[in-house]
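Working notes for the structure below.
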Amino acid sequence: MTQAKIRRAIESGVPDNKKYLHPLLVKNYGDWKYHDRPRPGVLHHVAHGGDEVWSVRAGTQRQMDIHTIRKLCDIADTFAEGRVRFTIRSNIEFMVSDEKKVAPLIAELESSGFPVGGTGNSVTMIAHTQGWLHCDIPGTDASGVVKSLMDELYEEFRREEMPNRVHISTSCCEINCGGQADLAIIVQHTKPPKINHDLVANVCERPTVVARCPVAAIRPAMVNGKPSLEIDEAKCMCCGACYPPCPPMQINDPEYSKLAIWVGGKNSNARGKPTFMKMVASGLPNNPPRWTEVAEVVKNILHTYKEDARPWERMADWIDRIGWPQFFEKTGLPFTKYLIDDWRGSRNNLNASTHIRF
Ligand code: SF4
Ligand code: SF4
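According to my numbering, the sequence shown is numbered sequentially starting from 79.
Spelled out as structure tokens, the structure:
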């Protein structure tokens, strides 16, 4: 009888994380009795067997240089037990098995510039997309927007004073790989791409570019005797998806690429269905390095939500209760017919999701 072939490791797919985990997390994997939060930024897990683990969560700037990573590793070796993990929102967590180590670890992190917080009803770290570092389409630097916004929301990260958790995301193009969030900052191109016809034939694979457009607005054309492309501007929704396979179709523009703010999205099923975000402010200047106009609107919405929402209402629950007219009245944001999804086909739109049915 032939033995079953041993499955070999392959270079793709999710690696086995157990060898990187804190030994107590491996030992008690799936066997926790309860967990609580002794203070903002600290999670405390108790296992059925009596083991206890404290996880101290700190904010990072996400895109880190080697010196910062070494600094964090040194803190893990000296003040924790040599293990760290990153959360999906780029917070870093240090695990310790002795409560006495928690206070010195927090003191070291905070004195090194890494705020401790981001748990429970705080404004946790902003999830952001790749930005200029890894993606080929960005209209802005998502990580720059994150850094400047988190500077403004620093105290809200360290405290748990919001009605419920607040998840913020930023996306550097309209494809929005930042996903759904209570509040999202998303690039908004307001003009179709400008085509440099001299370069298209040499740089772009035209059928690929034509296929890439989600609304079939691109077609092949001859321009000045050269094969090129043309855009049906009435159809184009300025998404920017044609730019990566064809850089001569430039859509980023210092004047016409703006930022928009969306609110009320969430992914979880807790207390209510997942929801899609709705646009509530548009045409804000894409204004580095501090994005002050965006920060003002974000702080205004968060402040109004904090003051007006009932305990445990997420942003979407709060807006559902008070209604959109009240949302615009309380925040003072100007309403236009281009905001919120009032398209009559939006029901079909939303039902395209596997999670949302109504
Ligand atoms: S939001 Fe757009 S530009 Fe930014 S990383 Fe995602 S796909 Fe790339
Ligand atoms: S920006 Fe988007 S909608 Fe407009 S032509 Fe390019 S791919 Fe099509």
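No residue lacks a Cβ here, since even glycine has one placed at the ideal position from N, Cα and C. Please read all numbers here as calculations on a predicted model, not as lab measurements.
Residue i CB to nearest heavy atom of ligand 2 below 6 angstroms
| i | result |
| --- | --- |
| G318 | yes |
| C213 | no |
| M357 | no |
| I273 | no |
| C314 | yes |
| V174 | no |
| C291 | yes |
| A295 | yes |
| I264 | no |
| I379 | no |
| I309 | yes |
Which listed residue (the options) has its alpha carbon closest to that of residue i
| i | options | result |
| --- | --- | --- |
| A312 | P326, I296 and P325 | I296 |
| M355 | V376, E252, P412 and L261 | L261 |
| T197 | L227, P101, T165 and E188 | T165 |
| P241 | H123, D109, P366 and V201 | V201 |
| N378 | P298, A279, C324 and L227 | L227 |
| P389 | E186, S190 and N199 | N199 |
| G361 | A289, A319, V265 and I204 | V265 |
| P367 | A185, K272, K225 and R290 | K225 |
| E371 | D109, K336 and L183 | K336 |
| C255 | E234, V287, R236 and A220 | A220 |
| A158 | E283, K304 and P101 | P101 |
Distance cut-off 6 angstroms: residue i Cβ against heavy atoms of ligand 1
| i | result |
| --- | --- |
| Q208 | yes |
| C250 | yes |
| P182 | no |
| P325 | no |
| P216 | yes |
| C452 | A question about residue 452 goes unanswered here, because the residues of the chain that appear run from 79 up to 436. |
Counterpart residues of residue i in DSSP-defined beta bridges
| i | result |
| --- | --- |
| I170 | A136 and F164 |
| H122 | D114 and W132 |
| I84 | None, per the DSSP bridge assignment. |
| M142 | For M142, which the question treats as bridged, DSSP gives no partner whatsoever. |
| H206 | T248 |
Buried versus exposed call for residue i [16 or more other C-beta atoms within 10 Å across all chains shown]
| i | result |
| --- | --- |
| G209 | buried |
| W132 | buried |
| V92 | exposed |
| K415 | exposed |
| N364 | buried |
| M393 | buried |
| K344 | buried |
| L211 | exposed |
| P193 | buried |
| M315 | exposed |
| Q328 | exposed |
| I170 | buried |
| Q141 | buried |
| H381 | exposed |
Within-7 angstroms CB hit, residue i to chain D
| i | result |
| --- | --- |
| R237 | Among the chains of the structure shown, chain D does not appear; only one protein chain is present. |
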